[in-house]
Amino acid sequence: MNPTPAGRRRLTTMPALEAGEPASGWCQRWTGGTHSWRHRSEGGFDADRYGVVDLPEPLAQAFVLAHHYSRSWPNAKRRYGLIDLHPDAPTDAAAYAGGRLVGVAVLGIPMHDKVLTNPLPGLVPYHESLELSRLVLRDEVPANAESWFCAQMFRDAAAHGVRGLVAFSDPLPRWRATPTGPQLLMPGHVGVVYQALGAVYTGRGTARTLWLLPDGTSVIARSAAKITGGERGGNGLITRLVARGAAAPAPGEHPADWLAGALRQLGARTAAHPGNHRYVFRLGRTQAERSRVTIAMPARPYPKRDRQPVQLTIDHAA
1097 MNPTPAGRRR
1107 LTTMPALEAG
1117 EPASGWCQRW
1127 TGGTHSWRHR
1137 SEGGFDADRY
1147 GVVDLPEPLA
1157 QAFVLAHHYS
1167 RSWPNAKRRY
1177 GLIDLHPDAP
1187 TDAAAYAGGR
1197 LVGVAVLGIP
1207 MHDKVLTNPL
1217 PGLVPYHESL
1227 ELSRLVLRDE
1237 VPANAESWFC
1247 AQMFRDAAAH
1257 GVRGLVAFSD
1267 PLPRWRATPT
1277 GPQLLMPGHV
1287 GVVYQALGAV
1297 YTGRGTARTL
1307 WLLPDGTSVI
1317 ARSAAKITGG
1327 ERGGNGLITR
1337 LVARGAAAPA
1347 PGEHPADWLA
1357 GALRQLGART
1367 AAHPGNHRYV
1377 FRLGRTQAER
1387 SRVTIAMPAR
1397 PYPKRDRQPV
1407 QLTIDHAA
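Note that this note's numbering numbers the sequence shown so that position 45 is 1141, with each residue one more than the last.
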């Protein structure tokens, strides 16, 4: 093994089993930004206990920001909630639609229309095609709930004219700095849940560089470019970094200079990202409608989780 160059750190952990992996029987859950696992041996998923409803944006956003590791909210087009209708539903979950909100899925608008039009050129982006941007379930939800939740969501989306979805699975682990050392926040995914739902795997998205913050969240180059280029939408990232402790931009300060200083101040590190795994779903009210959806990328074999120890090499921010 080559030694780690000076100024870099290599973090290693044995890989956790992929959520929903058939050989493992484990399904991933999220509460308070930390992942956990539920096993199918605990008992089957009882669909009669749950319902799926449309959610108002404030409620869906609050749930995702509270529980998803990224602590970020996408540009949402449709928002769905998994409602626990049982009297024993967790009382600390938000009350809604006669039960408790225990899961959220978001169909959203990606940063660029090519995310949708490259794999689904025959569909109108943002209307007939969307991105599956978030899928978050709380700890208490039994294993196997993902497929049922998604099936209900897909059925409703198809009834509203959506004919294709693109979903990404992030293979890069995320770590959070703690007083006792780095803590694994998110182990990385190959998308076994999407595989179980029959999605078409079309390879990886674009490899890129990320800035990783000590709390495990990240800043992508596209978001940074909105600040350095003075584009619309950059204020959201500025607000986020200031909330984490960065100094606010000074009057007349060049945006690029401010961003570089803010990332250094927060202790950000850069990491080479290999590209997310991309999956595509055909939707429709009938098999005939689904069969008319053209996927313009070749189908590839489903990726498998690497059974070797996970390694992540990170550099100091420039």
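Every residue, glycine too, gets a C-beta built ideally from N, C-alpha and C. Quantities reported herein were computed from a predicted structural model and do not represent experimental measurements.
Whether residue i touches residue j by CB criterion (8 Å)
i: Gly1199; j: Val1232; result: yes
i: Asp1180; j: Tyr1146; result: yes
i: Val1376; j: Thr1298; result: yes
i: Glu1224; j: Val1258; result: yes
i: Tyr1398; j: Gln1248; result: no
i: Ala1317; j: Arg1304; result: yes
i: Leu1362; j: Pro1283; result: no
i: Leu1281; j: Tyr1165; result: yes
i: Arg1167; j: Thr1313; result: yes
i: Phe1141; j: Ala1239; result: yes
i: Val1160; j: Arg1230; result: yes
i: Leu1379; j: Gly1218; result: no
i: Ala1193; j: Arg1175; result: no
Outcome for residue i when other beta-carbon atoms lying within 10 angstroms are tallied against a minimum of 16
i: Ala1119; result: Because the pLDDT at Ala1119 is just 40, under 50, the model does not fix this residue reliably, and the point stays unresolved.
i: Ala1320; result: buried
i: Glu1327; result: exposed
i: Pro1394; result: exposed
i: His1256; result: exposed
i: Thr1274; result: exposed
i: Ala1358; result: buried
i: Ala1191; result: exposed
i: Ala1343; result: exposed
i: Arg1134; result: For Arg1134, the predicted model reports a pLDDT of 48, less than 50, meaning its position is unreliable; a value from the coordinates is still stated below. Result: buried.
i: Asn1331; result: exposed
Distance between residue j and residue i (C-alpha atoms, nearest Å)
i: Trp1307; j: His1369; result: 10 Å
i: Pro1170; j: Asp1184; result: 31 Å
i: Thr1187; j: Pro1152; result: 20 Å
i: Val1338; j: Glu1349; result: 15 Å
i: Gly1341; j: Val1315; result: 15 Å
i: His1383; j: Ile1205; result: One detail in the question is off: residue 1383 reads as Gln in this sequence, not His. Their Cα atoms are separated by approximately 25 Å.
i: Val1262; j: Lys1173; result: 14 Å
i: Asp1144; j: Pro1345; result: 52 Å
i: Pro1278; j: Arg1234; result: 24 Å
i: Gly1325; j: Pro1351; result: 8 Å
i: Ile1391; j: Arg1374; result: 12 Å
i: Arg1388; j: His1285; result: 30 Å
i: Leu1178; j: Leu1293; result: 18 Å
Secondary structure of residue i, DSSP reduced to three states
i: Ala1162; result: helix
i: Ala1254; result: helix
i: Asp1144; result: helix
i: Tyr1297; result: strand
i: Val1149; result: strand
i: Pro1238; result: coil
i: Ala1247; result: helix
i: Arg1286; result: According to the sequence provided, residue 1286 is Val. The question's Arg does not apply to it. Residue state, collapsed to three classes: coil.
i: His1135; result: Bear in mind that a pLDDT of 48 at His1135, under 50, signals an unreliable position, so the model cannot answer this.
i: Arg1396; result: coil
i: Ala1292; result: helix
i: Ala1156; result: helix
- [ ] Ignoring anything shorter than 4 residues or poking outside the stretch 1164-1219, list the alpha helix (DSSP H) runs there in chain order.
- [x] 1210-1213
TODO: Starting from the N-terminal side, write out each stretch of the alpha helix (DSSP H) that is 4 residues or longer and does not extend beyond the stretch 1311-1393.
DONE: 1317-1324, 1330-1339, 1351-1362 and 1383-1387
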